[in-house]
Amino acid sequence: MTRQKLLNIYLADHLAGAVIGQELAKRSLSSNRETELGTFLSGLLSEVDEDRRTLESVIDSVGAQPDRLKMGAGWLSEKAGRLKLNGQLRGYSDLSRLVELEGLCAGVEGKKSLWISLKGLQDSDARLQSFDFGALESRAQQQREGLEVHRRAAASTAFSGRDAPAGR
Numbered sequence: 123m124t125r126q127k128l129l130n131i132y133l134a135d136h137l138a139g140a141v142i143g144q145e146l147a148k149r150s151l152s153s154n155r156e157t158e159l160g161t162f163l164s165g166l167l168s169e170v171d172e173d174r175r176t177l178e179s180v181i182d183s184v185g186a187q188p189d190r191l192k193m194g195a196g197w198l199s200e201k202a203g204r205l206k207l208n209g210q211l212r213g214y215s216d217l218s219r220l221v222e223l224e225g226l227c228a229g230v231e232g233k234k235s236l237w238i239s240l241k242g243l244q245d246s247d248a249r250l251q252s253f254d255f256g257a258l259e260s261r262a263q264q265q266r267e268g269l270e271v272h273r274r275a276a277a278s279t280a281f282s283g284r285d286a287p288a289g290r
């Protein structure tokens, strides 16, 4: 298998992951809209959308094609993830919030790894030189740190029944 083919697969997999992350952020935002977490998620969702569009530009720059089947499977898998038991028969629970935030944390870590990997290829692949992967990596790190604050608060609420102050 050629290196180009491997890069195409890698980028397509990350684009599918971006679709999952975007849908998960939308779902979490819809259940937390009028809260501090909702404010954070609104900003995160905007950045996630921008990151996905950047990834689509990278895919275009290297001559790859988005894998619509993988993107559709990503979208569907996020929807199927909603069937996970959350401690109650219907509706949103404190555990739902925690699991969603942990999923977003994992997605942002994956995205950060993507930007680091592509940054490492820039010297040998002129098609990637117009992208600021260092800035994208930094933004992913900031996203992860913000998510962690809310993830810890959600864990505290889910397991102790008390709201934890943000920032702990």
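In our numbering, the protein residues as written are 123 to 290. All C-beta atoms in this analysis are idealised placements derived from N, C-alpha and C, irrespective of residue type, glycine included.
Give me the Cα-Cα distance between residue i and residue j, rounded to the nearest whole angstrom.
i    : j    : result
R219 : Y132 : 29 Å
G289 : T161 : In this predicted model, G289 has a pLDDT of only 47, less than 50, meaning its place in the structure is not dependable enough to derive any value.
H272 : M123 : 42 Å
V141 : L217 : 23 Å
D247 : Y214 : 46 Å
L128 : E178 : 16 Å
E158 : Q126 : 43 Å
G143 : R174 : 10 Å
A138 : T279 : 31 Å
C227 : L236 : 14 Å
E231 : H136 : 11 Å
N154 : A257 : 28 Å
V170 : F281 : 29 Å
Taking C-alpha atoms, which residue in the options lies nearest to residue i?
i    : options                   : result
K241 : F255, S168 and K233       : F255
R261 : T279, G139 and T176       : T176
E259 : L269, D135, I238 and G229 : I238
Q244 : N154, V180, A134 and E169 : V180
E291 : Q265, E224, L269 and S282 : Within the shown structure, residues of the chain are numbered from 123 to 290, placing residue 291 beyond reach of any answer.
If we count the other Cβ atoms within 10 Å of its Cβ and call it buried at 16 or more, is residue i buried or exposed?
i    : result
E222 : buried
E267 : exposed
Q251 : exposed
Going along the chain, which residues of its own chain have a beta-carbon closer than 7 Å to the beta-carbon of residue i, five neighbours each way excluded?
i    : result
S164 : L151
A277 : L220
N130 : A186
Which same chain residues, not among the five before or five after residue i, have their C-beta less than 8 Å away from its C-beta?
i    : result
K148 : L167
Q210 : Low confidence applies here, because Q210 scores a pLDDT of 47, under 50, leaving its location unreliable and the question unanswered by this model.
R249 : S183, V184 and G185
Throw me the rounded Cβ distance for the residue i and residue j pair, which I believe falls under 8 Å.
i    : j    : result
Q187 : K234 : Rounded, the Cβ-Cβ distance is 24 Å, inconsistent with contact.
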